[in-house]
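In the numbering used here, the protein residues as written are 396 to 775.
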């Protein structure tokens, strides 16, 4: 395939003295090339996050409690309520732009997550998570700053393959890089390669490796130089109409953690917009560029088996994202028991009800969470 990268730079492993210090690990990215210029994408000061006690678990949901809505047949690219991007099946004319985001505490708040149509959230290692944001090129402003960009993991690459995306990252695990080198399903843009590095800048006001940024304009230039895909017709979600405001519940709150309860994330439902506002350690999670709380129309929490990679000196893990497993879909203020399925590497992740029917989501932003255990989720 046509690739947007040069021969790889050498990588030197970084060892850390304790599990809490290990949170600062680069997670497999190679050393930053000197050709990456310095820019000033000035972040605001980060307010200290306040940890809260974990909420009490509730009883398991029923599969029939949700009000029904008629699926929307037309191709949809935006939330009809907020105007936020939505990746409707059959709407793509070019590859989506898929970007790996840093989620280390020193990387918060991030910039540009609020412009994504889909966000994946999953463990990297030692309790630290990464985001993978999926952008619609036609909906991404040229001036939009995006980052910090971070390294790849194999399971994120496998999700990106199902989306036929242009995959944007800064180095990665050996397994991820080997897969990127051998697949034609994604176009690869690696910031740590000479050609890929031309699309990125370093923010002088943040410390490396939490300071690598790009823009909508730069990513569109990369997309114009990337390989194309002829398998876009099936990419995206089925959508339905939003439930009428009179039928929406007054409140719902979702909380979850990956390894440590004190490092929780969550969502609070807002019936007026039929959307969920994101929480980080019990406080609103903000986008740096707008100062606004991150929001999603659909939140999907999946149980994904994970285990350490034997002999990996950086403590990396592998996650079984090909196959199927338990999941919960939160939309319209209601919880639904579903099954996630991704039969093979090239299949897109999708969700199915107990009758085997694919679940239609609300048009708008979809946030996908991969937990090591569904019991790490609580709902109230």
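Each residue gets a CB set at the ideal place from its N, CA and C atoms; glycine is no exception. Since we're looking at a predicted model, the values are computed, not measured.
Out of curiosity, what's the CA-to-CA distance linking residue i and residue j?
{"i": "residue 736", "j": "residue 700", "result": "13 Å"}
{"i": "residue 770", "j": "residue 740", "result": "27 Å"}
{"i": "residue 625", "j": "residue 487", "result": "11 Å"}
{"i": "residue 743", "j": "residue 630", "result": "7 Å"}
{"i": "residue 504", "j": "residue 678", "result": "12 Å"}
{"i": "residue 755", "j": "residue 599", "result": "44 Å"}
{"i": "residue 751", "j": "residue 587", "result": "43 Å"}
{"i": "residue 595", "j": "residue 645", "result": "44 Å"}
{"i": "residue 379", "j": "residue 688", "result": "The question about residue 379 has no answer here: the residues shown for the chain are numbered 396 through 775."}
{"i": "residue 540", "j": "residue 628", "result": "29 Å"}
{"i": "residue 707", "j": "residue 715", "result": "17 Å"}
{"i": "residue 545", "j": "residue 510", "result": "18 Å"}
{"i": "residue 634", "j": "residue 731", "result": "16 Å"}
{"i": "residue 601", "j": "residue 685", "result": "19 Å"}
{"i": "residue 501", "j": "residue 696", "result": "25 Å"}
{"i": "residue 520", "j": "residue 470", "result": "38 Å"}
{"i": "residue 661", "j": "residue 508", "result": "16 Å"}
{"i": "residue 543", "j": "residue 738", "result": "32 Å"}
{"i": "residue 619", "j": "residue 568", "result": "27 Å"}
{"i": "residue 570", "j": "residue 666", "result": "43 Å"}
{"i": "residue 593", "j": "residue 499", "result": "24 Å"}
{"i": "residue 745", "j": "residue 717", "result": "11 Å"}
{"i": "residue 705", "j": "residue 698", "result": "22 Å"}
Would you list the residues sitting across from residue i in a DSSP beta bridge?
{"i": "residue 735", "result": "720 and 746"}
{"i": "residue 582", "result": "561"}
{"i": "residue 527", "result": "495 and 515"}
{"i": "residue 650", "result": "661 and 773"}
{"i": "residue 692", "result": "Looking at the DSSP assignment, residue 692 forms no beta bridge with any residue, so it has no partner."}
{"i": "residue 672", "result": "663 and 690"}
{"i": "residue 567", "result": "547"}
{"i": "residue 764", "result": "516 and 696"}
{"i": "residue 756", "result": "634"}
{"i": "residue 542", "result": "506"}
{"i": "residue 726", "result": "729"}
{"i": "residue 483", "result": "632"}
{"i": "residue 681", "result": "688"}
If I measure Cβ to Cβ from residue i and keep anything under 6 Å in the same chain, skipping five residues before and after, which residues do I get?
{"i": "residue 767", "result": "701"}
{"i": "residue 703", "result": "712"}
{"i": "residue 563", "result": "494 and 584"}
{"i": "residue 637", "result": "669 and 757"}
{"i": "residue 551", "result": "527"}
{"i": "residue 671", "result": "662, 664, 691 and 694"}
Taking a contact to mean a Cβ-Cβ separation below 9 Å, would you say residue i touches residue j in this structure?
{"i": "residue 659", "j": "residue 681", "result": "no"}
{"i": "residue 623", "j": "residue 490", "result": "yes"}
{"i": "residue 518", "j": "residue 765", "result": "yes"}
{"i": "residue 683", "j": "residue 472", "result": "no"}
{"i": "residue 524", "j": "residue 650", "result": "no"}
{"i": "residue 547", "j": "residue 566", "result": "yes"}
{"i": "residue 512", "j": "residue 480", "result": "yes"}
{"i": "residue 554", "j": "residue 496", "result": "no"}
Go through its chain and collect everything with a Cβ distance to residue i's Cβ below 7 Å, but skip five positions before and after it.
{"i": "residue 578", "result": "556"}
{"i": "residue 580", "result": "556, 559 and 741"}
{"i": "residue 719", "result": "734, 735 and 736"}
{"i": "residue 439", "result": "Reliability fails at residue 439, whose pLDDT of 38 lies under 50, so the model's placement of it is uncertain and the value that follows must be treated cautiously. If we look at residue 439 and ignore the five residues flanking it on each side, its Cβ neighbours are 683."}
{"i": "residue 529", "result": "482, 491, 493, 511, 512, 513, 558 and 560"}
{"i": "residue 549", "result": "568, 570, 571, 574 and 713"}
{"i": "residue 747", "result": "733, 734, 736, 753 and 754"}
{"i": "residue 632", "result": "482, 483, 484, 756 and 761"}
Counting only the same chain and skipping the five closest in sequence on each side, list residues whose C-beta sits under 8 Å from that of residue i.
{"i": "residue 653", "result": "518, 522, 524, 766, 767 and 771"}
{"i": "residue 655", "result": "522"}
Using 8 Å as the cut-off, classify the Cβ of residue i as near or not near the heavy atoms of the ligand SAH, replying yes or no.
{"i": "residue 774", "result": "With respect to the ligand SAH, the structure shown offers nothing to examine, as it has no ligands at all."}
Between the region 759-770 and the region 685-692, do at least 3 Cβ pairs fall closer than 8 Å? yes
So, do the region 633-643 and the region 605-622 have three or more beta carbon pairs nearer to each other than 8 Å? no
Given 8 Å, three or more beta-carbon pairs between the region 725-734 and the region 526-544: no
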